[in-house]
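Numbering (the numbering used here), first residue to last: 6 to 177.
No residue lacks a Cβ here, since even glycine has one placed at the ideal position from N, Cα and C.
Keep in mind the model is a prediction, meaning the values are calculated, not measured.
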């Protein structure tokens, strides 16, 4: 179900996750609104198709991380089961404010840059299959994190450190 709200937020019931909400600040015509929705759909459909093509290539992790950056407007990190960095969006080497996402000299996730949950093993469950929101301190930002599995075997993690573009209440 798609709810389209023009001019203001829809009632709270629609924001509870029961449907998808599109909020437009203004709308000059229904045709313009439909064109905006179509452009959004086309952008994500093209991204989905590109990701599907990369999944079938060997060593496509770097391309996946780079392809995700424009969508999330934040870098993406992919690690294996030993916290070895398989890929990180190339933009982390171009922007100093993203230096916290760079791997250490051995290609591992930097311990000082792990979320507080990873450092202390608090609330960190490698068998957790849900999307997690972890907290990073110093600098302070959230990390959207999803464990990866092959069958029941933990195989790694994909994370989006929300450094440049902060997570909004409606983000999932």
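Alpha-carbon to alpha-carbon, residue j and residue i
| i | j | result |
| --- | --- | --- |
| residue 75 | residue 34 | 28 Å |
| residue 154 | residue 6 | 30 Å |
| residue 95 | residue 161 | 19 Å |
| residue 90 | residue 105 | 13 Å |
| residue 65 | residue 16 | 42 Å |
| residue 80 | residue 173 | 17 Å |
| residue 18 | residue 67 | 40 Å |
| residue 92 | residue 50 | 23 Å |
| residue 98 | residue 169 | 14 Å |
| residue 13 | residue 20 | 13 Å |
| residue 40 | residue 110 | 47 Å |
| residue 24 | residue 8 | 7 Å |
| residue 147 | residue 47 | 28 Å |
Identified DSSP bridge partners for residue i
| i | result |
| --- | --- |
| residue 164 | 82 and 150 |
| residue 113 | 89 |
| residue 158 | 155 |
| residue 9 | 27 |
Helix, strand or coil at residue i [DSSP, three-state]
| i | result |
| --- | --- |
| residue 26 | strand |
| residue 137 | strand |
| residue 122 | Bear in mind that a pLDDT of 48 at residue 122, under 50, signals an unreliable position, so the model cannot answer this. |
| residue 32 | coil |
| residue 38 | helix |
| residue 169 | coil |
| residue 75 | helix |
| residue 145 | coil |
| residue 104 | helix |
| residue 61 | coil |
| residue 260 | Since the first residue of the chain shown is 6 and the last is 177, residue 260 is not available in this structure. |
Rounded Cβ spacing between residue i and residue j (contact assumed at less than 8 Å)
| i | j | result |
| --- | --- | --- |
| residue 204 | residue 139 | Look at the range of the chain in this structure, 6 to 177, and you will see that residue 204 is not part of it. |
| residue 56 | residue 72 | 7 Å |
| residue 83 | residue 163 | 5 Å |
| residue 152 | residue 131 | 6 Å |
| residue 26 | residue 36 | Rounded, the Cβ-Cβ distance is 21 Å, inconsistent with contact. |
Where residue i falls, given that 16 or more other Cβ within 10 Å makes a residue buried
| i | result |
| --- | --- |
| residue 45 | exposed |
| residue 114 | buried |
| residue 69 | buried |
| residue 103 | buried |
| residue 108 | buried |
| residue 100 | exposed |
| residue 29 | exposed |
| residue 141 | buried |
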